[in-house]
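**Student:** My questions will all concern the structure given below.
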Amino acid sequence: MPSPLAETLAVLLLIATLGCAIVRPRGLPEAVVAVPAAGLLLVLGVLPLGQAGAEAGSLGPTIGFLAAVLVLANLCDRYGLFEAAGSWMAAGSRGRPVSLLALVFAAASVVTAVLSLDATVVLLTPVVFATVARLHLRTKPHVYACTHLANSASLLLPVSNLTNLLAFGASGLSFARFGATMALPWLAAIGVEWLVLRRFFASDLVGRGDAREVTPLPVPVFVTTVVGLTLAGFFVTSAFNVSPAFAALGGALVLAVPAVVRRRTTLQELAISIDLPFLAFVLALGLVVKAISLHGLGSAVAHLVPGGSGLGSLLVIAVVAAVLANVINNLPAALLLLPAVSGAGAGPVLAVLIGVNTGPNLTYVGSLATLLWRRILIRRGEELPISEFLRLGAITVPPVLVATTLALWISLRVMG
């Protein structure tokens, strides 16, 4: 097949794949279109089998980690960790909406960094809904904080986001070095999000809720300890060049065995929490993007990003990544951009990460986490106006991009 025709076909299939992920007709999983699209590209020879195998191999550890962390996060919920967090937020706020927003920021930032952004969207968002209802406060500031921080606060660790795992492999950094370098950008992103959301929702953060008879639940020590040890395991596995998926798998197994024995969950529920259709979607999406990259778009994208790691270059890279994420989703954007900058050092790689992680707060299509968050709101009959979502994104994304890129530049200079 001629290369222009092959590229056109691959782009059309990518659009169809992302369209299905956004709309999810009749509630069908994202993989319904993605898997046949990848199969068609293989059958027609648009994506050679050798290239497909290499891409699948490179995505394997990322997908394996995602599977393990989905189970780990689900088990944390089964053990009552998120319920306890909600009770502590309710009690700690004493019914004051600004205090509750601060506590939601803290919880969402930590959960996103340690258990990934999907845990914040899927597990923490319903808890925040329940906490706000319990205190009789207005919902919007706290629920928006969940989705914004799921994206912006996922900069810290390689395990915080799928895109982080891809960037981690391309950066050449150790787990600890990655976290140390991204700590300042992470704090900058959270700080700017706080300033903007606090002002944007000022009229919703007034008055005082009903905090009577709110008692914080005991923190489940066992699950908290296992999560802490799992986090330590991420650092240890990195030191020995072992995928962090093994640490996540170990933590999930330690929690799963007693949970099944004590009937907190079942093997069937654990299998469902792995979400095989979603994993298939991630793999298929990677193969579709690889086909596009092979037939010209990859080199075209490479010309958009400058060389070097000066502040100006890093800012341009972050902006390009953010724009591309809002056009084709952040995971395909990362897959296209990272090969173009991986030879230029850690700075440009991490600038891509800033763009694809913080940029998606601008539109629903920007990240899979935002799509999941929207789906949760629709199920609850609480969908928020899209005009409001876009307006808030337009106010937050530019200053977050600038602040985090500047923080990255400073961090790179300090860290050498």
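Anchor point for the sequence shown: position 35 equals 1088 in the working numbering, and the numbering is continuous, going up by one each time. The beta carbon of each residue, even a glycine, is placed where N, CA and C say it ideally should be.
1. Give every residue of the same chain whose Cβ lies closer than 8 Å to the Cβ of L1332, excluding the five residues on either side of it in the sequence, and list them in chain order.
2. Could you tell me whether the region 1134–1147 touches the region 1316–1323, where touching means 3 or more Cβ pairs closer than 8 Å?
3. Is any beta-carbon of chain B found at less than 8 Å from that of G1232?
4. For Y1132, report the span of its alpha helix (DSSP H) as first-last.
5. Which residue comes first and which comes last in the alpha helix (DSSP H) that contains V1402?
6. Give the secondary structure of V1267 by DSSP, where H, G and I count as helix, E and B as strand, and everything else as coil.
7. Under DSSP, the alpha helix (DSSP H) around E1441 begins and ends at which residues?
8. Between the C-alpha atoms of L1415 and V1450, what's the straight-line distance to the nearest angstrom?
9. What did DSSP end up calling R1077 once you bin it into helix, strand or coil?
10. Thinking C-alpha only, which one of T1070, L1058, L1168, A1404 is nearest A1337?
11. Along the chain, where does the alpha helix (DSSP H) containing F1182 start, and where does it finish?
12. Considering only the beta carbon of each residue, do C1073 and V1085 sit closer than 8 Å?
13. Going by alpha carbons, who is nearest to L1190 out of A1264, F1135, A1126?
14. Quick one: Cα of V1249 to Cα of P1194, how far?
15. Given this structure, state the Cα-to-Cα distance separating N1216 from D1171, to the nearest angstrom.
16. Please report the Cβ distance between L1425 and V1174, rounded to the nearest whole angstrom; I am assuming they are in contact, meaning their Cβ atoms lie under 8 Å.
17. Do L1389 and V1335 come within 8 Å of each other at the CB atom, strictly closer than that value?
18. How many angstroms separate the CA atom of V1372 from the CA atom of A1233?
19. What do you reckon, are the CB atoms on T1134 and P1273 nearer than 8 Å?
20. Measure the beta-carbon distance from G1419 to A1378 and round it to whole angstroms, keeping in mind my assumption that it falls under 8 Å.
21. Please state whether DSSP places G1225 in a helix, a strand or coil.
22. Taking all protein chains shown into account, decide if G1469 is buried (16 or more other Cβ within 10 angstroms of its Cβ) or exposed.
23. Determine the extent of the alpha helix (DSSP H) in which A1255 is found, giving its start and end residues.
24. Less than 8 Å separating the beta-carbons of A1206 and I1243?
25. Over what stretch of residues does the alpha helix (DSSP H) that includes A1374 continue unbroken?
26. Considering N1204, what are the terminal residues of the alpha helix (DSSP H) in which it resides?
27. Hey, E1083 and P1330 are a contact pair by Cβ (cut 8 Å); roughly how many whole angstroms apart?
28. L1465 to M1235, Cα distance in whole Å?
29. Counting only the same chain and skipping the five closest in sequence on each side, list residues whose C-beta sits under 8 Å from that of L1112.
30. Starting from the Cα of L1188, find the closest Cα among L1208, R1444, L1153, A1312 and give me that residue.
31. Does V1147 come out as helix, strand or coil in the three-state DSSP assignment?
32. Find out if the Cβ-Cβ distance for the pair A1301, L1125 is shorter than 8 Å.
33. Nearest-angstrom Cα distance between P1057 and P1385?
34. May I ask you to report which of helix, strand or coil DSSP gives F1118?
35. Could you give the C-beta distance for P1238 and T1457, rounded to a whole number, given that I count them as a contact under 8 Å?
36. Distance, Cα to Cα, F1254 vs V1196?
**Tutor:** In this structure, then:
1. Only I1116, L1119, A1120 meet the Cβ criterion.
2. No: fewer than three Cβ pairs fall under 8 Å.
3. Of the protein chains in this structure there is only one, and it is not chain B.
4. Careful: Y1132 lies outside any alpha helix (DSSP H) and carries neither H nor E.
5. Unbroken alpha helix (DSSP H) run through V1402: 1399–1411.
6. V1267 sits in coil when the DSSP states are folded into three classes, being neither helix nor strand.
7. That run of the alpha helix (DSSP H) goes 1439–1468.
8. Inter-residue distance for L1415 and V1450 is about 6 Å (C-alpha atoms, whole angstroms).
9. Coil, per DSSP.
10. Comparing Cα-Cα distances from A1337 to each of T1070, L1058, L1168, A1404, the minimum goes to T1070.
11. For F1182, the enclosing alpha helix (DSSP H) covers residues 1178–1188.
12. Yes, the Cβ-Cβ distance between C1073 and V1085 is below 8 Å.
13. Closest option to L1190, Cα to Cα, is A1264.
14. Whole-angstrom Cα-Cα distance: 11 Å.
15. One point to set straight first is that residue 1216 is Thr, not Asn, in the sequence displayed. The C-alpha of D1171 is placed about 12 Å away from the C-alpha of T1216.
16. Sure, about 5 Å apart at Cβ, within 8 Å.
17. A distance of 8 Å or more separates the beta carbons of V1335 and L1389.
18. V1372 and A1233: Cα-Cα distance of roughly 23 Å.
19. The question names Thr, but residue 1134 is Leu in the sequence shown. Yes. Within cutoff.
20. G1419 to A1378, Cβ: 5 Å. Contact.
21. In the displayed model, G1225 falls within coil according to three-state DSSP, outside both helix and strand.
22. Exposed, because fewer than 16 other Cβ atoms sit within 10 Å of the Cβ of G1469.
23. Per DSSP, A1255 belongs to no alpha helix (DSSP H) and is neither H nor E.
24. Result yes, Cβ atoms of A1206 and I1243 sit closer than 8 Å.
25. Residues 1364–1381.
26. Looking at the DSSP string, the run of the alpha helix (DSSP H) that includes N1204 is 1193–1205.
27. Their Cβ separation, rounded to whole angstroms, is 7 Å, which keeps E1083 and P1330 in contact under 8 Å.
28. Each residue's alpha carbon lies about 9 Å from the other.
29. Correct list, in chain order: V1335, L1336, G1339.
30. Nearest C-alpha to L1188 among L1208, R1444, L1153, A1312: L1153.
31. In the sequence as displayed, the identity of residue 1147 is Arg instead of Val. When secondary structure is reduced to three states using DSSP, R1147 falls in the coil class, being assigned neither helix nor strand.
32. Cβ distance < 8 Å, so A1301 and L1125 count as in contact.
33. Rounded to whole angstroms, P1057 and P1385 show a C-alpha spacing of 20 Å.
34. In the three-state reduction of the DSSP assignment, F1118 falls in the helix class.
35. Between P1238 and T1457 the beta-carbon gap is near 4 Å, inside 8 Å, which marks them as a contact.
36. Roughly 11 Å separates the two Cα atoms.
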